[in-house]
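Read the structure below first, then the notes.
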Amino acid sequence: MQRNLETFELTINMAKTIESILIEGSKINKFSSEELNLNKINQSRKQSTDHQQQSICLSCGSNNHHRSQCRFRNVTCHKCKKEGHIAKVCRSKFVSNQNKVNTISSVSQKLITDEHAIRIPIHVDGVNVNFELDTGSPIRVINTHVWELMGKPKLYPIKLNYSSFSGHPIFLKGEKMVNVNYNDGELKLKLIVGNKIGNNILGRNWINILNLNRQTLDDIASNSSIQNINVGDKSLNELFIDYDDIFKDGLGCCKVKAHLYVKPDVMPKFCNPRSLPFAYREAVENDLNRLVTEGVLEPITVSKWAAPIVVVPKPGGKIRIYADLSTGVNQALNINQYPLPKPNDLFVALNGGMLFSKIDLSEAYLQVELDDTSKELLVINTHKGLFRYNRLPFGVASAPSIFQEIMNKMLSGLEATVCYLDDIIITGKNKIDHLNNLSKVFARIKDYGFHINKNKCKFLQNHVEYLGFIVDKNGVHTSPSKTQAIINMPEPKNISQLRSFLGMVNHYAKFIPQLSHRLLPLYSLLKKDTQWNWNADCDKNFRNIKQNLISPIVLTHYDPSLPLVLAADASSAGVGAVLYHRYPDGSEKVIAHASKTLTTTERNYAQIEKEALALIYGVKKFDQFLRDRRFTLLTDHKPLITIFGPKKGIPTTSANRLQRWALCLMGYVYDIEYRSTHNFGHADGLSRLPVGPDKEFDNHNSNEISSITVIQQELQEQLPLRAAQIAKATRKDPILIQVYNYKLSGWPLSSTDNLQPYYRIRNELSTLHGCITWGVRTVIPSCFCKYLLNYLHLSHPGMSRMKVDARRYFWWPLIDKEIEDIVRKCPNCTENSKQPIKVPLASWPVSDQPWKRIHIDFMGKFMGLYFLIIVDAYSKWLEVFTMHHPSTKTTIDALSSLFSRYGLCETIVSDNGSQFTSTEFSDFCVRNGIKHITTSPGHPQSNGQAERYVDIVKSALKKGLYNGGKISDVLLRFLFCYRTTPHATTNLSPAELFIKRQFLTVLDLLRPDTFDPSYTVRCRYQNNFDQHTEERYFIKNNKVLVRDFRNNPTNIKWTPGILIDRQGSRIWTVKVGNDTWRRHENQMKHREWSTDEDIIVLDTKTTDPMKSSTTSISSDSSSTNLRCSSRIKKPVKRLIEEI
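According to UniProt numbering, the sequence shown holds residues 1 to 1139 in order.
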């Protein structure tokens, strides 16, 4: 019930009248459809003992009915918890140390009305609070929600108690002094905080202080600060809370899916994975797992399309993976032709706005899901296999157009809201209207499933820069940044700078009237033997020409329908960029200029990096014009065509800085062209006369520079040398100092022979702290090469591991060959190296299913035990049994245990050990229908499957027991690790092929689904020996290492010797000390170092320390001479002779 009252006193009287009416209307049982809260303030006093009190109802305190008819006759008192009365008339004593009690009485009645409560927005401690005007309340109360928005300030106890109209106590948190801003005035007032979420009450005390009692309700209601609309009641902070879902961390998921269109008759392009440095492999796998977990990537096994990845290192050993879609996918896409909004249309929609908000979406493209057809196109090929994108990734040529279409659909029908790609601008006629529009945009964003990056958003701004213009409440203005590079261009200080300025001016000669005449004072300074004298006439013409360059005769406004060209150039002083339209008649008109001076760090860049920096600066500066537009990049540095060319792909060995910039350009659709420096005056002049630093770009670029520096320093600190030592040696190295100078000043067209290794990779080299770097590797001066080689070889890791370590940290020409030489000439490495490559042998038939053919062998005695090794030929599944006595019975028991779990096999392959050649074992095989095949004596290669795993198990036990422990525990850990690790032959783990599932490990790594490896296995076994063997040639007097079977025939030991003579095709007699041995070529390898005993004595008696056994045919000393048969030979009877 609301009426317009003339004075505050009338309002009080009306409130008292309403109170009486509500008490009298307590008997009403039927109510209308809408509630209105009316508040009444009373002074609570002690109960009177007057006799007149007997006529008052003892249940509710009313005097117009008897207690027996009171509707509160059976209610429970909230004060004493007794039945029959309400707390208002409760006679129980209430103990309180406080002076007096005020009550806020609230009775709910339902009135038929379409009006809303009158609300007044007031700033309290910086928070905009919407108070409900309540003349019946003596106090002002805010709810707990507003208190939380204020930062939960400290509260002080309240000295009074408050209760509702029914007598129920009202619990309050406390009170505090706050700063109140209303109608350009600021006061410090006391404010009470409620204990629940409810209305914010503006009581009589603040009404008097804020002079609201001197206004009629009509005046208050008509005030623009009081709005009776639902959205207007909410502040910006309240909107953030209402729509907190869209501000959550992580990627959103748009309900509209993106579709990519492919040009007709385009052949799919499948790119192989690029060579990945070993140092990055673990980090790449972690990032792939992260993207899979977030739902961005999904592992697959087959695809027609595939693009390589580009790995960008970050500090702390982390990396980021990007798809290099410039290798084929972008060229095959039919770019979505969805029209971009014209700037003039956008500005019309923003007319009349007072405040402006700009919204930025978190990783906008990745919030858009791809449809199933498009997912097949966006596949990356890594060393871990194929992964396809489920979301729209960065770098897709069609992504901007697709996103613009989605944004237009999402924001359609909303007033005072425009969008250009992922930039959403909202405005309104006033603050409340603006918040109303902002709420509607938030609701649409929530409905579509997007998330907002709150840190990059701007709300309630007086102006905003948009598409090269400044938009504010007064309209649209040209942004000073478009012409700042010309207006603030400094005057030339020497002839070189003057030539650059004149070259830029002549580029626009046809637009500037009487240019030749006006340039005469400047040209006079270029005459030979003329002293430099920049006089007032020169300065006047210089300023007039600059005004012409920013006038409409040269400049034009951005038009989306015309081709765009971005020209950028760099000098030793700065970088400059020009964005212009190219008209059909070939003429050009500039849209905007930009330039900046180089920072101290940027001045140390190589020339190619400075030129690349100019391109990136131009692209970042004019991003709003270029994004989602095909444009042309112009540069006068030809190597950038290869690095930034869309069809070439990003070189994996490019300097980190160039790789990062190439990735930045992947988000744009462009063609890059080379233009001679003589025809590049408009950009060259800006770079040589820059206006000054660009703080916004420099701050962003400095973060990138620091990231690269940290990465390089992390790698250099792990070297046994320090970067300062390498830098000092680089300056003294006659070759590297030339490379360093060429890198800074530019390379010549050709180079000498000693510089050829560096000249071939000149575009991939960089400089840092006085050192030369190639990617993440430091180029080492020649004086430190031998030192680092010896450091790598300190633990004798072998060629491969030395190369892996070297490729992580440093490089110099022919480093691989030097690593191979140092390993070959090391006696320790050659004596303890593995068996040399075998001569060609026939391969076993390919097994087509698990547990069909198994290979078995014994290992030991090793560490006091014997080990039965069993390997499945198909899946490479490995079983190991430990035994104290390797008898036939224990062997049969072990096999029976396996057969009870996995079933019988068809074939067993073993050597000629007594356990396998016994009658008992033969009977066991016959009973179970198993074919038993034994290998040739003395030729363990025939049972290579088992022999290889003997070495693997032995090595694993040695390593596992290095720090102590039980053999059984180490063996179990090794078997679990081996069975869950993909095998090099099948590319799948033994568990996947044998048990048809992958084991769950502590790392919980997901592996691709099992696929049929039969084709790979067949090829492997067919070419096992022929393709991976080589013929080794020996001649008399060769220095060799031969197998030494003395003491322990099963232990691999090599002894130096000299070849004497060949016996047969593969057997040689070898002089070893004072003895002569017979050895097979598989039991010898070349020796490249000498001993004191390398002297041949031909009359030495031939001896052999190896005892006669069936395990070594080549060393059988008991063999006898061959003899001719003595039987009588009968003539051959032929059938043709008898006919």
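Note that the Cβ used here is the ideal one computed from N, Cα and C, for glycine as well.
Answer yes or no: do residue i and residue j have a C-beta to C-beta separation smaller than 9 Å?
i, j, result
"residue 1043", "residue 1053", "yes"
"residue 690", "residue 575", "yes"
"residue 133", "residue 120", "yes"
"residue 422", "residue 258", "no"
"residue 723", "residue 781", "no"
"residue 333", "residue 262", "yes"
"residue 192", "residue 175", "yes"
"residue 260", "residue 340", "no"
"residue 1087", "residue 1039", "yes"
"residue 1141", "residue 135", "Nothing about residue 1141 can be reported from this structure: the residues present for the chain run from 1 to 1139 only."
Let me check one thing: in DSSP terms, what residues is residue i bridge-paired to?
i, result
"residue 771", "768"
"residue 128", "123"
"residue 871", "855 and 878"
"residue 1062", "1068"
"residue 910", "934"
"residue 146", "For residue 146, which the question treats as bridged, DSSP gives no partner whatsoever."
"residue 1092", "For residue 1092, which the question treats as bridged, DSSP gives no partner whatsoever."
"residue 816", "Answer by DSSP bridge pairing: none, since residue 816 is not bridged."
"residue 577", "568 and 594"
"residue 562", "The partner list for residue 562 (beta bridge, DSSP) is empty, contrary to what the question assumes."
For residue i, which residues from the same chain have a beta carbon less than 6 Å from its beta carbon, with the 5 sequence-adjacent residues on both sides left out?
i, result
"residue 149", "127 and 237"
"residue 607", "746"
"residue 518", "541"
"residue 367", "251, 252, 254 and 450"
"residue 407", "419"
"residue 56", "63"
"residue 380", "307, 309, 323 and 387"
"residue 1066", "1080 and 1081"
"residue 661", "612 and 616"
Compute the Euclidean distance between the alpha carbons of residue i and residue j, then round it to the nearest angstrom.
i, j, result
"residue 275", "residue 255", "38 Å"
"residue 946", "residue 383", "29 Å"
"residue 611", "residue 549", "24 Å"
"residue 34", "residue 361", "With a pLDDT of 37 at residue 34, under the threshold of 50, the modelled position of that residue is not reliable, and the figure given next carries that caveat. Near 41 Å, if we compare the C-alpha coordinates of residue 361 and residue 34."
"residue 498", "residue 761", "36 Å"
"residue 579", "residue 739", "35 Å"
"residue 430", "residue 609", "49 Å"
"residue 804", "residue 862", "33 Å"
"residue 271", "residue 958", "42 Å"
"residue 807", "residue 777", "7 Å"
"residue 931", "residue 908", "6 Å"
"residue 32", "residue 434", "Since pLDDT at residue 32 reaches only 36, below the 50 mark, its modelled position is unreliable, and no value is offered."
"residue 139", "residue 186", "19 Å"
"residue 124", "residue 180", "5 Å"
"residue 936", "residue 812", "49 Å"
"residue 312", "residue 283", "11 Å"
Using C-beta distances below 7 Å, list every residue in its chain close to residue i, excluding the 5 sequence neighbours before and after it, in chain order.
i, result
"residue 491", "534, 539 and 542"
"residue 627", "400, 421 and 668"
"residue 537", "521"
"residue 158", "172, 174, 175 and 192"
"residue 913", "858"
By Cβ distance below 8 Å, which residues in the same chain neighbour residue i in space, the five residues on each side in sequence not counted?
i, result
"residue 405", "336 and 338"
"residue 273", "308, 309, 381, 382 and 383"
"residue 557", "343 and 591"
Is it a yes or a no for the stretch 785 to 794 touching the stretch 751 to 771, going by three-plus beta-carbon pairs under 8 Å?
-> No, the stretch 785 to 794 is not in contact with the stretch 751 to 771.
On the three-pair Cβ rule with 8 Å, is the stretch 867 to 875 touching the stretch 821 to 831?
-> Taking one beta carbon from each stretch, the stretch 867 to 875 and the stretch 821 to 831 have fewer than 3 pairs nearer than 8 Å; the two do not touch.
Stretch pair the stretch 761 to 773 + the stretch 788 to 799: three plus CB contacts closer than 8 Å = Result no; under three Cβ-Cβ pairs closer than 8 Å.
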